[in-house]
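S.K.:
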Amino acid sequence: MLQIRKAPIAAGMLFILIFPWAADRIPGIDHYPDVMIFAGIYCLITIGLSLLMGYAGQISLGHAAFYGIGAYVSGILTTRYGFDPWLCMPIGALAAAAVAVAVGAPSLRLRGHYLAMATLAFGVIVNIFFREQRQWTGGPDGMTGIPGLSLFSFEFDSILSYYYLVWGIVAAAFFFTIALIQSPVGRALRAIHTSEPAAAAMGIPIARYKIFVFAFSAMLASLAGSLYAHYMNFINPGTFDLFFSIKLVIMMALGGMHSIWGALVGAVLVAFLSLEWLHFFEQFEILIYGAILLLVTIFLPEGLAGLPAKLLERARRPS
Amino acid sequence: MTNGPLLVIEDLVMSFGGLTALMNIQLRVARGTIKAVIGPNGAGKTTLFNIITGVLSPTEGHIHFTGRAISGLKAHQIAALGISRTFQTVELFTNMTVLENVMVGRHLRINSSFFGCGLALPHIRRQERRLRAQAMEILDFIGLADKSRLLAENLPLGERKILEIGRALATDPLLLCLDEPAAGLNETETEAAARLIQAIKEQGITVLLVEHDMKVIMNISDEITVLNYGEKIAEGTPVHIQNHPQVIEAYLGDGTII
Amino acid sequence: MRHPWFIRAAQRMNSISFATQVLQFIVTGLTVGAIYAMVAIGFNIIYNVTEIINLAQGEFVMLGGLVMVFMHVSVGLPLVPAFLSTIFLVMLVGIVMDRLGIRTIRKPSVMTLIIATVAVSIIIKGVAMLLWGKSPYDLPAFSGRTPIQLGGVVVQPQYLWVIGFLIVVAVGLTYFFNRTILGKAMRACADNPSAARLVGIDVEKMVLLSFALSAAIGAVAGMTMTPIALMDYDRGAMLAIKGFGAAILGGLGSFPGAILGGLLIGLIESLGAGLLLSGYKDAYALIILLAVLFVRPSGILGNLQVTKFKRF
């Protein structure tokens, strides 16, 4: 039986709650809550990807595009049309979902590498649009002056307030996804992943489920993009390029695709790697990511999330 | 509507490229009966199953189920109309428990709205409890209630086949298609499977059966259709088939019948 | 109503120069298309034997260009030895990729194999960045840069080298797959690996060979394109995407399809960039790719039954 244990969730929530307080008291890491905001934004994307990759068994190499759609919808609607930022989030998410259905529907009916390649091509095209539609997006220089978020008269303008806002949304997405996994929908997805013929014989519409999950993951990525735009107040196309899509795959592979915990761990680790720890090795950054991805794929196919079970098994087995 | 045959197949032709797997097949399955389809390997039995359940689309011909044309529908749509099946190669959801396998079988009969499930709305949670109880009832019926918490992949072959039947039953089918339910089973397991199939018939569910074990076929089926090289060569009651000269020549000549 | 003579003359002038312009775009497009065709052929060789989509295919092209620059310009080897040693080195990279990156995967699935080739491609890219830095490199054209004028259309001699090498690769591979024992063995693996294994073909060796062969073809593409388009460490991904677009357009696995698809993508790109908006140069071909996936997923020359019933 697939059960999500309550203790790790409680521990994780406690960690997130006290992290800014603790980081502030440890010299050298007092700026970590800022990094954790980005980690939370990445987590939002990987939570959706864990459903797509771990449960629907599909790979996307273009999720940076959905991330970008959210950011640009927020940026354009607020700066050019004076929309309320909160309204931009659902609009961006719906736009991303619509695009996902249009891209995913034909390629999900085919198998294996078609979605991978379609999303790869799609991601590149969208990035070219971000660069070239200067009158809307500001072109390669990007757009500035995107307003921050506020609720009634409270402004989410400090790192601390944005930290709790982002992680609150991550928690909501996390609980939604966990409930989904444990529901008939999650069982249907696992069924599809194990045996498509048997799932179809049980009356499960396979293509519709895959498209649904793809669209859902696109919506979460778009939401993440909106949060990014309203936090940075500035966006440019470089943030949403092919390499970010690949970084998302690295997060998933490193954390473990078959576990929602893996999605969180992978996102946080890669956020710290790219924003903090690899800063001094800029020359080697690409190479290090490549090495991590290959080593994990070869030696740790279940990712870090699979490590405890593996160690436990090794410990139990008398040597 | 309750009168005519449950399933009517007319002039069915199936060819793959140049190879004709089924030729001009006519088949009727009467309600509440057990119908067996037999024939040597490569006779086209599994192909016939795959067409009925929507895995393949026929090249020509019509299939009517409860009076409704179903050829060309997708597998999940046909399942929704009340045709369920098992697989020759046992396609269980191996990484789920026995109970969960049966619960997936209820998929058609429940509400699985994406947002209702994600928000864990009260009616979804109530439904989940009901679902568990219904699945346990089915496990009771097929005799696997005490193994509900095991992973499906850990069952022995005989029980896996029984579980697959139970999962198919969970869809509330009108017609249950069983693809070699006794293949690979030992004698006791085969007897258990045969008893289960008869019990299913007594529940009022029509059974269409492909099988090689002649003892099972002759004991439980009401009518038998014999296929050979994609063509129907005989049809009738077990007694009739046992004495049919063409059948004996094509298929039973080596004495497998006795 | 007849226009005054000078307007008619201007119109004629304009139309002539427009026709020449289009012709020029076509010539350029076919040349670029020949490169994509070679990348697509590389995809097909590995796909046919292993059903892997090797996303590192573009990195072979990039490496071909940069290694050739090193051999020919930095070391100063003459053209032919530099050419051959580059092929050899890139082939070696292909072999190492199969040994270290593909065969070591214990639970191969479509997803893990895609991820593994992505990993290898960024490793190659990262190493290339360390070795050559981020700036683009030029390579002397094989036979000078004196353009050939064909009725107003400018043809660089290097264009002919590119198209010539595509023909050599196509003829060579046709001969290899149809006439040689080794080529036939590779085809057998593609059709049915277990049967191939039964008749004593070493499937693993064939997989290795397919990586070596497609790395070599990638290297040829890279060496021939560098004098026209320069080369830098970051070009692989886009070349891979377009080459894959060509392979899909022509039907995955089909060699004539790859050539047709490659030339088509080159033409679309060149005409699109020349006549419409140049900023979207890279997008046109990909939009066509997505459109093909919508309408006819098996490609122009492909057969859906084949794609559908292949393993996986």
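Chains as they are written, first to last, in the numbering used here: chain A, 49 to 367; chain B, 1319 to 1576; chain C, 30 to 341. Heads up, the beta-carbon is just placed ideally off N, CA and C, and yes, glycines get one too.
1. So what does DSSP say about Ser198 of chain A, is it helix, strand or coil?
2. Out of A:Ser206, A:Ala169, A:Ala104, which has the shortest C-alpha to C-alpha gap to His79 of chain A?
3. I need the straight-line Cα distance from Phe338 of chain C to Asn1429 of chain B, nearest angstrom please.
4. Can the beta-carbon of Leu1481 of chain B be found closer than 8 Å to that of Asn1419 of chain B?
5. Where does Thr133 of chain C sit, in a helix, a strand or coil, going by DSSP?
6. Let me make sure I understand the geometry here. Which of A:Gly310, A:Trp184, A:Ala315 has the alpha-carbon closest to that of Leu355 of chain A?
7. With 9 Å as the C-beta to C-beta threshold (strictly closer), list the residues of the region 342-355 of chain A near chain C in chain order.
8. Going residue by residue through the region 1390-1453 of chain B, where are the continuous beta strand (DSSP E) segments of at least 3 residues, counting only ones entirely within it?
9. Give me the Cα-Cα distance between Leu92 of chain C and Ala269 of chain A, rounded to the nearest whole angstrom.
10. Note down, in chain order, every chain A residue with its Cβ under 7 Å from the Cβ of Lys154 of chain C.
11. For the region 294-306 of chain A against the region 143-160 of chain C, are there 3 or more C-beta pairs whose distance is under 8 Å?
12. Comparing C-alpha positions only, which one of A:Leu335, A:His306, A:Met250, A:Thr345 sits nearest to Ala353 of chain A?
13. Does any CB atom of chain B fall closer than 8 Å to the CB of Pro285 of chain A?
14. Thinking C-alpha only, which one of A:Ile77, A:Gly273, A:Gly234 is nearest Ser98 of chain A?
15. Exposed or buried, which one is Lys154 of chain C when buried takes at least 16 other CB atoms within 10 Å?
16. In angstroms with no decimal places, state the Cα-to-Cα distance between Met158 of chain C and Glu333 of chain A.
17. Hey, is Pro138 of chain A's beta-carbon within less than 8 Å of any beta-carbon in chain B?
18. Would you list, in chain order, the members of the region 1411-1430 of chain B that have their beta-carbon closer than 7 Å to a beta-carbon of chain A?
19. Is any beta-carbon of chain A found at less than 8 Å from that of Thr57 of chain C?
20. Going by DSSP, what residue range makes up the beta strand (DSSP E) through Glu1541 of chain B?
21. What would DSSP say about Asp1329 of chain B, mapped onto helix, strand or coil?
22. Closest to Glu1529 of chain B by C-alpha separation, out of B:Val1373, B:Ser1466, B:Pro1499, B:Arg1478, would be which residue?
23. Starting from Phe1383 of chain B, trace the beta strand (DSSP E) both ways and give me its first and last residue.
24. Using DSSP with H/G/I as helix, E/B as strand and the rest coil, what is Asn1342 of chain B?
25. Tell me Glu1549 of chain B's beta-bridge partners as DSSP assigns them.
26. With three or more C-beta pairs closer than 8 Å as the rule, is the region 112-127 of chain A touching the region 236-245 of chain A?
27. Cβ of Ala269 of chain C within 8 Å of Cβ of Val98 of chain C?
28. Thinking C-beta only, is Ala1453 of chain B closer than 8 Å to Ala249 of chain A?
29. Taking Met191 of chain A as the reference, give the member of A:Gly116, A:Met165, A:Leu168 with the closest Cα.
30. On the three-pair Cβ rule with 8 Å, is the region 85-98 of chain A touching the region 140-147 of chain A?
31. Pull up the distance between the alpha-carbon of Ala219 of chain C and that of Met140 of chain C, whole angstroms please.
32. Any C-beta of chain F sitting closer than 8 Å to the C-beta of Val1326 of chain B?
33. For Ile1356 of chain B, does the three-state DSSP call read helix, strand or coil?
34. Going by C-alpha distance, which of B:Ala1486, B:Val1534, B:Ala1552 is nearest Glu1505 of chain B?
35. Residues of chain A with CB closer than 8 Å to the CB of Val147 of chain C, please, in chain order.
36. Which runs of the alpha helix (DSSP H) at least 4 residues long sit entirely within the region 86-131 of chain C? Give them in chain order.
M.R.: Looking at the atomic coordinates:
1. strand
2. A:Ser206
3. Bear in mind that the predicted position of Phe338 of chain C carries a pLDDT of just 36, short of 50, making it unreliable; the figure below should be weighed with that in mind. Straight-line Cα distance between these residues: approximately 34 Å.
4. yes
5. coil
6. A:Gly310
7. Leu342, Leu343, Val344, Thr345, Ile346, Phe347, Pro349
8. For the region 1390-1453 of chain B, whole beta strand (DSSP E) runs of length 3 or above, ordered along the chain, are 1401-1403.
9. 34 Å
10. Ile334
11. yes
12. Ranked by Cα distance from Ala353 of chain A, the first of A:Leu335, A:His306, A:Met250, A:Thr345 is A:His306.
13. Taking 8 Å as the CB threshold, Pro285 of chain A stays off the interface with chain B.
14. A:Gly234
15. buried
16. 10 Å
17. No, Pro138 of chain A does not count as interfacial toward chain B.
18. Phe1411, Thr1412, Asn1413, Met1414, Thr1415, Glu1418, Met1421, Val1422, Gly1423, His1425, Leu1426, Ile1428, Ser1430
19. no
20. 1541-1546
21. Three-state DSSP puts Asp1329 of chain B in a strand.
22. B:Pro1499
23. 1378-1383
24. strand
25. B:Asn1546
26. no
27. no
28. No, the Cβ-Cβ distance between Ala249 of chain A and Ala1453 of chain B is not below 8 Å.
29. A:Gly116
30. Not touching, per the Cβ criterion.
31. 20 Å
32. Structure shown: chain F not included; protein chains present are A, B and C.
33. Residue state, collapsed to three classes: strand.
34. B:Val1534
35. Leu109, Ile294, Val297, Leu341
36. 86-97, 108-125
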